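With the sequence shown counted from 1, adding 245 to any position gets you the working numbering. Structure, as structure tokens:
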Amino acid sequence: MNGVDKKNILIVEDEAQISRFLQLELEHENYATEVCADGREALKTALEHDFDLIILDVMLPSLNGIEVLRRLRQDKQTPVIILTARDQVVDKVTGLDIGADDYMTKPFAIEELLARIRLHIKRSVAPGGAALVCGKLALNPDARVATYDGHPVDLTKKEFDLLEYLMRNRNIVIGREKLLDAVWGFDFYGSTNVVDVYVRYLRSKIDDVYGITLIETVRGSGYVIR
Ligand code: CA
């Protein structure tokens with residue numbers, strides 16, 4: 246592997262011992278790294294340069310990690326793994342809400358962090374690229390952009406999630422209960438009718454507009470995209 250192929254990771258951490266440790270481990274795994282120990286400086290660096298992934302501590306001088314992430318997300322979809330101290334449950338939830346891709350609690354096992362880094366770098370795609378394609382329909386889950394034949398399709402969060410799930414499970418008939426669990430979550434106390442309603446929304450925005458049959462209804466079983 247030459248230098249050009251190296252993935253570039255920004256480490257945002259004010260505890261020198263931890264950032265040094267992360268830097269050594271990551272460089273050993275053949276990543277290029279940059280370290281910021283200050284929130285404002287980190288935001289500036291993350292906006293000015295394109296990193297493949299950012300490891301972001303929460304408690305930071307000048308601007309905390311949650312605020313760094315919130316401002317970053319207004320411009321960029323760089324994958325972010327948040328590092329939280331053991332008792333910062335609130336930060337964890339807030340972080341995921343505002344667009345963190347993952348979180349780890351300190352102290353963490355380096356092997357687990359490395360595994361998650363590999364996963365998120367693999368998952369991310371170049372801006373404007375599409376990770377999921379079905380005919381003329383393209384979905385970029387990171388940028389949360391859907392297009393049909395290059396035209397943007399305006400979807401709500403749940404519509405996007407449902408479509409993404411069906412596209413990831415192409416050719417598999419999925420029941421309403423399973424879709425409800427996967428898209429709305431186990432803790433969603435709703436009728437499976439909500440699935441039918443959202444399938445109708447998707448059809449009105451895609452099938453009806455472009456004259457195709459994207460989501461098929463399999464009577465008694467569920468829905469499928471082929
Ligand atoms: Ca810290």
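For glycine and all other residues, C-beta sits at the position ideal for the given N, C-alpha and C. Predicted, not measured: the structure shown is a model, and the values here were computed from it.
{"Check": "Ligand 1 heavy atom lying under 8 Å from the CB of VAL303", "Outcome": "yes"}
{"Check": "Whether ALA391 touches LEU411 by CB criterion (9 Å)", "Outcome": "no"}
{"Check": "From GLN319, ILE366, ILE311, residue whose alpha carbon lies closest to that of THR339", "Outcome": "ILE311"}
{"Check": "Assigned exposure category for ASN357 - 16 Cβ within 10 Å defines buried", "Outcome": "Correcting the residue identity first, residue 357 is Glu in this sequence and not Asn. Per the 10 Å Cβ criterion, exposed."}
{"Check": "Every unbroken alpha helix (DSSP H) within the stretch 422–458, with a cutoff of 4 residues, ordered by chain", "Outcome": "438–447"}
{"Check": "ALA360, buried or exposed, once every other Cβ within 10 Å from all chains shown has been counted against 16", "Outcome": "exposed"}
{"Check": "SER449, buried or exposed, once every other Cβ within 10 Å from all chains shown has been counted against 16", "Outcome": "exposed"}
{"Check": "Residues that DSSP places opposite GLY467 in a beta bridge", "Outcome": "VAL463"}
{"Check": "Counted within 10 angstroms of its Cβ, other Cβ atoms place ASP346 as buried (16 or more) or exposed", "Outcome": "buried"}
{"Check": "Interface flag, THR290 vs chain B, CB-CB below 9 Å", "Outcome": "No chain B appears in this structure, which consists of one protein chain only."}
{"Check": "Cβ-based burial, SER466 [other Cβ within 10 Å; buried from 16]", "Outcome": "exposed"}
{"Check": "Helix, strand or coil at ILE362 [DSSP, three-state]", "Outcome": "helix"}
{"Check": "Buried versus exposed, by CB contacts within 10 Å (16 or more), GLY284", "Outcome": "buried"}
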